[in-house]
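See below for the structure under consideration.
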Amino acid sequence: FTQYKHYSNNLNSLSNNSVWTVFVDEDGLIWVGTENGLNKYNKKTDKFSCYKNQPNNANSISSNYIRTITEDKEGNLWIGTKNTGVDKFDKKTKTFTNYRHDPNDSNSLLYNEILHVMVDRFDNLWICYEGSVGIDRYNIKTNTFKHYSHNPKDPDSISSNDILYSFEDNTGIIWLIDGSGGIDKCVWKQDAFKNYSHNPKDPSSISSNNIIKLYEDKDKNIWVGTFRGGLSLFTKNGKFENFRPITNDP
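Whatever position you read off the sequence shown (first residue = 1), add 95 for the numbering used here.
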């Protein structure tokens with residue numbers, strides 16, 4: 096392994112040792128989100144350059160605390176911050192545009208503390224928040240927000256407002272990790288969500304409600320990594336095949 100760390104006497108080192116996210120863009124550039132700046136790594140020179148907030152520059156990044164990064168079809172980066180919303184970074188002009196919650200504007204973010212951002216195949220930006228406020232789908236082309244929240248009277252709404260992560264599979268279905276239990280499957284054109292949660296009486300249900308990761312393999316299978324519940328495979332018939340450690344079985 097080669098280690099990359101922050102060194103106070105080296106301006107081309109990593110800006111901070113607390114790393115939240117690493118993202119590789121369409122040009123092969125490596126972006127690193129830390130608690131003190133957005134870093135761009137140049138593989139040819141083996142050096143980092145860093146973007147930090149400049150209080151007197153409205154076109155600078157809005158926060159130095161970067162949690163999540165994604166990219167749209169135009170090559171713009173979308174950056175989720177700890178407490179100042181989402182920034183769009185235009186790599187051509189090297190300028191940032193900030194999007195924040197405005198209590199007087201319904202066409203704005205639900206909240207300013209971002210956990211995860213993801214761009215789907217239709218150039219919609221899905222935004223997950225810290226604070227159990229629901230999830231946003233932002234249409235980049237039309238500059239409009241669609242807010243999703245749990246409605247106990249609507250069985251097709253998201254199962255809770257505690258959405259931690261979003262993921263798009265090969266068919267365009269959006270999967271959400273629900274911090275309150277299980278995963279939600281969304282066909283967003285229908286604005287309908289289906290929850291899959293653990294049922295101790297059903298061995299074909301998901302193995303645990305504490306979900307850590309979603310992954311789609313080359314055979315288009317959806318795998319669900321859990322905390323202390325093993326691994327679950329979502330099968331074609333809508334059931335789960337579960338894999339757990341077996342005592343004394345190497």
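Cβ atoms here follow ideal geometry from the backbone N, Cα and C, with glycine treated the same way.
Small disclaimer: the values here were computed from a predicted structure and weren't measured.
Exposure label - E263; buried when at least 16 CB within 10 Å: buried
Local conformation of K189 per DSSP, three classes: coil
Where E121 falls, given that 16 or more other Cβ within 10 Å makes a residue buried: exposed
Distance between beta carbons of I209 and V181, contact taken as under 8 Å: Their Cβ separation, rounded to whole angstroms, is 6 Å, which keeps V181 and I209 in contact under 8 Å.
Cutoff 8 Å; reference L309; Cβ partners in own chain excluding five residues on either side: So the qualifying residues of the chain are Y260, F262, W270, I272, I278, I317, W318, V319 and G320.
Whole-angstrom distance between T116 and H211, CA atom to CA atom: 10 Å
Beta-bridge partners of G229, as assigned by DSSP: Partner(s): none; G229 has no beta bridge.
Nearest candidate by alpha-carbon position, reference R216, set N246, S300 and D167: D167
Residue of F288, G267, R232 and T239 minimising C-alpha distance to H245: Among F288, G267, R232 and T239, the Cα nearest to that of H245 is on F288.
Close-in-space but distant-in-sequence residues of the same chain around E311 (CB under 7 Å, 5 per side omitted): Only D264, N265 and I317 meet the Cβ criterion.
C-beta atoms of D231 and H242 nearer than 8 Å: Yes, they are a contact pair.
Nearest-angstrom beta carbon gap, W173 and L220 [assumed within contact, 8 Å]: 6 Å
DSSP bridge partner residues for Y194 (one or two, in chain order): V181
Buried versus exposed call for T176 [16 or more other C-beta atoms within 10 Å across all chains shown]: buried
K284, DSSP secondary structure in three states: helix
Limits of the unbroken beta strand (DSSP E) element including E311: I306 to E311
Euclidean distance between Cα positions of K280 and S201: 25 Å
Candidates D251, P198 and S255: closest to C223 by CA position: S255
Any non-hydrogen atom of the ligand COA within 7 Å of P247 CB: With respect to small molecules bound, the structure shown includes none, and the ligand COA cannot be examined in it.
Own chain partners of T36 with C-beta closer than 8 Å, once the 5 adjacent residues on each side are dropped: Residue 36 cannot be examined here, being either before or after the span of the chain that is shown, 96 to 345.
Beta-carbon proximity of I164 to G123, cut-off 8 Å: No, the Cβ-Cβ distance between I164 and G123 is not below 8 Å.
G274 to S252 span [Cα, whole Å]: 15 Å
Buried or exposed (CB count within 10 angstroms, at least 16 for buried), G132: Looking at its Cβ environment, which holds 16 or more other Cβ atoms inside 10 Å, G132 is buried.
Unbroken stretches of the beta strand (DSSP E), 3 residues or longer, contained in the segment 224–268: 230–234, 239–243 and 258–263
Euclidean distance between Cα positions of N294 and N107: 51 Å
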